[in-house]
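**Student:** Provided herewith is a single structure, encoded as structure tokens, for subsequent inquiry.
Protein chains: 2
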Amino acid sequence: MARTAGPETHHTRILEEFRQKIVDRIWEPGFQLDKETDLANQYGVSRMTMNKVLTQLAQEGYVVRRKRSGTFVSKARTQAAVMPINNLADEVEALGKTYRWQLFAAEIRVPQAAELRLLGVESPPIPGEVIVLGGMHYADDEPFCLETRAINVDVVPNAREVDFATHVPGHWLLQSMPWSTARNAIRAVNVAGSEARNLELPVGAACLEILRKTVMGSDWVTYARLLYPGEAFQLTAEFKTKATAKTLSPQA
Amino acid sequence: MARTAGPETHHTRILEEFRQKIVDRIWEPGFQLDKETDLANQYGVSRMTMNKVLTQLAQEGYVVRRKRSGTFVSKARTQAAVMPINNLADEVEALGKTYRWQLFAAEIRVPQAAELRLLGVESPPIPGEVIVLGGMHYADDEPFCLETRAINVDVVPNAREVDFATHVPGHWLLQSMPWSTARNAIRAVNVAGSEARNLELPVGAACLEILRKTVMGSDWVTYARLLYPGEAFQLTAEFKTKATAKTLSPQA
DNA sequence: ATTTACAATTTGAGTATACATATTGGCGAC
DNA sequence: GTCGCCAATATGTATACTCAAATTGTAAAT
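If you read the protein sequences in the order shown, they are chains A and B. Residue numbering for the first sequence follows the numbering used here, starting at 2 and increasing by one per position. Residue numbering for the second sequence follows the numbering used here, starting at 2 and increasing by one per position.
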């Protein structure tokens, strides 16, 4: 089944056509479209249907709509990269390798200052006791990702009963805390010491470091530091040029 | 003005409420919502209005809808990081530093095999002549990003007349080619040789390497390699847990 | 000539209605 | 009991109205 085909309804067809026209610059940035009612007539549909098309198009950022003024192809653009962060296990198995998680240590205690610094924790929000754990993700018995993590047991109380030797922390948390948001910082670092040893890399090898802070409502759920060998690993992101949609302030 | 408030219409209000209910797990994953008509009655709106809410919610991935079956809070989720890639100049100036672009060389010629390898160009799509250029982005006269780039003059013919000593290539291309898409690969590498010298880093220092391929329709526009000093630079990405929206296969 | 006020226009939101489509659960045939 | 068909049901799409809100251009007043 060609999933790309889609349902092929009126508004889908017109939407596709308009998007194409904008992407192909047949309608250049700044171009004013005909008004809803006219377009509806031209395409032989009702205004409501054309409205659905234009509303959708505006939501995707292709056009900007203003009352009394009209509908215009967007000019102000920004680029946004979307990278799906899949489960490491899936990722590894997609490469035809076998995945394995090895827990080094997990304890409930007050975190050390050095650990908090490593995880990029800001000064204020440190509760008393957290789960501090470390471990390694393997692909075919090759080190793939070194993980250091702190989990807020106040927010995820049932994490106390989980055996993180068998349950991969990231995966368990994702399942357990749906609809959370996270903030990532990606850097390149030179590894050294025990980290280099654990990753089976020479001292000074470049690694990709991801510091992730996961938030649920107003509380932090977990801080994680993921260290990937630079050579073996590569993040990919899909770009899309997109207009600064949102509710843009009047008088823009 | 509190911009967060919004227009406060029926469907906006209900949409907000439903999203909150799902995020707060009042409606847990897998929970079946009442049917459109019932919900419409409960909230005192017409079915069309409630339909708008639920359609939107489905599009955002919070719920899955199936005919005859009903509307369910999504279970299958994935994480997607969205990172806005702003103009480097803006980025630098946001830090209160002065931005400067220094072109090393720009020539129209057949690219060398080593250059293509460096830029991550796949085997087939190499046209005869391209613009090959290199340069450095500075923040307060400190090296900030080393750029190597190939531009397809067949797709962007007026790039021949541009002086890339004064026009920053990435910015010019973004302005010139709206609605293009790009694919990024992010790695950590150890710098060496002239690259280390240009970036004023010791040999072996960890750097963030971004390989970017920009596409317009079926043709590639540009290949770029951006090298950031690991210490000084950090990519940040905002996460959102999101359901695998799209048309998911039946029997999920 | 500049400001103010009003009216026309265009999008935004909502309702009632109709018909299409897919899926499920039950009923009947074997 | 099992299999297959059919009808009931929930969503999907579309239409034709109606009223609201915002903005802009024009016309009137100072």
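All C-beta atoms in this analysis are idealised placements derived from N, C-alpha and C, irrespective of residue type, glycine included.
1. Leaving out five residues on either side along the sequence, give the residues of the same chain with a beta carbon under 6 Å from the beta carbon of alanine 140 of chain A.
2. Determine the DSSP secondary structure at threonine 56 of chain A, reduced to helix, strand or coil.
3. Phenylalanine 105 of chain B touches chain A at which residues, Cβ-Cβ below 9 Å?
4. Here's a check: name, in chain order, each residue in its chain whose Cβ is nearer than 7 Å to the Cβ of asparagine 153 of chain A, leaving out the five neighbours to either side.
5. Taking 8 Å as the CB-CB cut-off, is glutamine 33 of chain A touching chain B?
6. Check whether chain A comes within 8 Å of arginine 1 of chain B, counting only Cβ atoms and requiring the distance to be less than that.
7. Check whether chain B comes within 8 Å of alanine 6 of chain A, counting only Cβ atoms and requiring the distance to be less than that.
8. So what does DSSP say about lysine 98 of chain A, is it helix, strand or coil?
9. In whole angstroms, what separates the C-alpha of valine 192 of chain A from that of leucine 209 of chain A?
10. Going by Cα to Cα distance, which pick from A:Leu228, A:Leu119 and A:Ser181 is closest to glutamine 21 of chain B?
11. Taking beta-carbon pairs under 8 Å, can you tell me which members of the stretch 36-49 of chain A lie near chain B?
12. Tell me aspartate 141 of chain B's beta-bridge partners as DSSP assigns them.
13. When the cut-off is 8 Å and only beta carbons count, does phenylalanine 240 of chain A lie next to chain B?
14. Within the continuous beta strand (DSSP E) that includes aspartate 164 of chain A, where are the two ends?
15. Could you work out which residue in A:Met137, A:Lys68, A:Glu108 and A:Asp164 is closest to alanine 197 of chain A when comparing CA atoms only?
16. Exposed or buried, which one is alanine 6 of chain A when buried takes at least 16 other CB atoms within 10 Å?
17. Go to phenylalanine 73 of chain B, then tell me how far its beta strand (DSSP E) extends in each direction, as first and last residue.
18. Determine the chain B residues that contact methionine 51 of chain A at a beta-carbon separation under 8 Å, and present them in chain order.
19. Let's see if you can read the secondary structure: which residues bound the beta strand (DSSP E) around aspartate 220 of chain B?
20. Determine which residues of the stretch 64-94 of chain A have a Cβ less than 7 Å from any Cβ of chain B, and write them out in chain order.
21. Got a sec? Which residues, its chain only, sit under 7 Å from valine 156 of chain A by beta carbon, not counting five neighbours each side?
22. Comparing the C-beta of proline 158 of chain A with each C-beta of chain B, is any distance below 8 Å?
23. Does the CB of arginine 184 of chain A have a neighbour CB from chain B at under 8 Å?
24. According to the neighbour-count rule (16 or more other Cβ atoms, all chains shown, within 10 Å of its Cβ), is glutamate 37 of chain A buried or exposed?
25. For alanine 197 of chain B and chain A, any beta-carbon pair shorter than 8 Å?
26. How far does the beta strand (DSSP E) with leucine 209 of chain B in it extend, from its first residue to its last?
27. Determine contact between the stretch 160-167 of chain A and the stretch 96-110 of chain A, defined as no fewer than three beta-carbon pairs at a distance below 8 Å.
28. With respect to the beta strand (DSSP E) encompassing arginine 67 of chain B, which residues constitute its N-terminal and C-terminal limits?
29. Report the neighbours of proline 128 of chain B on chain A: residues whose CB is nearer than 7 Å to its CB, in chain order.
30. I want to verify the contact list: residues of chain A whose CB lies under 9 Å from the CB of isoleucine 15 of chain B, in sequence order.
31. Could you give the residue range of the alpha helix (DSSP H) that holds asparagine 185 of chain B?
32. Starting from the beta carbon of glycine 231 of chain B, find every residue of chain A whose beta carbon is closer than 8 Å, and list them in chain order.
33. Please go through the same chain and pick out, in chain order, the residues whose beta-carbon is closer than 8 Å to the beta-carbon of arginine 110 of chain B, but skip the five residues on each side of it.
34. Give the range of the alpha helix (DSSP H) segment to which isoleucine 15 of chain B is assigned.
35. Between the C-alpha atoms of proline 85 of chain B and arginine 188 of chain A, what's the straight-line distance to the nearest angstrom?
36. Which bits of chain A does isoleucine 23 of chain B rub up against, with CB to CB less than 8 Å?
**Tutor:** Walking through what the data contain:
1. Val93 and Lys98
2. helix
3. Correct list: empty, because the minimum Cβ distance to chain A is about 22 Å.
4. Pro128, Val131, Asp220, Trp221, Val222 and Thr223
5. no
6. An answer regarding residue 1 of chain B cannot be provided, because it is not within the stretch 2 to 253 covered by chain B.
7. Residue placement at alanine 6 of chain A is flagged as unreliable, the pLDDT there being 45, under the threshold of 50; the coordinate-derived value follows with that caveat. No - not a single Cβ of chain B is within 8 Å of the one on alanine 6 of chain A.
8. coil
9. 10 Å
10. A:Ser181
11. none
12. Paired residue(s): none; aspartate 141 of chain B is not in a bridge.
13. yes
14. Unbroken run through aspartate 164 of chain A: none, as it is neither H nor E.
15. A:Met137
16. Confidence is the limiting factor: at alanine 6 of chain A the pLDDT is only 45, short of 50, which leaves the residue's position unreliable and the question unanswerable from this model.
17. 71-74
18. Within 8 Å Cβ-Cβ: nothing; methionine 51 of chain A doesn't reach chain B, min ~16 Å.
19. 220-230
20. Arg78, Thr79, Gln80, Ala81, Ala82, Val83, Met84, Pro85, Ile86 and Asn87
21. Met217, Asp220 and Val222
22. no
23. yes
24. buried
25. no
26. 207-217
27. yes
28. 64-67
29. Going along chain A, no residue has its Cβ under 7 Å from proline 128 of chain B, so there is no contact; the nearest lies around 20 Å.
30. Neighbours of isoleucine 15 of chain B on chain A: none; closest Cβ ~17 Å, over 9 Å.
31. Premise fails: asparagine 185 of chain B lies in the beta strand (DSSP E), 182-191, not in any alpha helix (DSSP H).
32. Arg188, Ala189, Val190, Asn191 and Ala207
33. Glu130, Val131 and Val133
34. 11-24
35. 16 Å
36. Trp180
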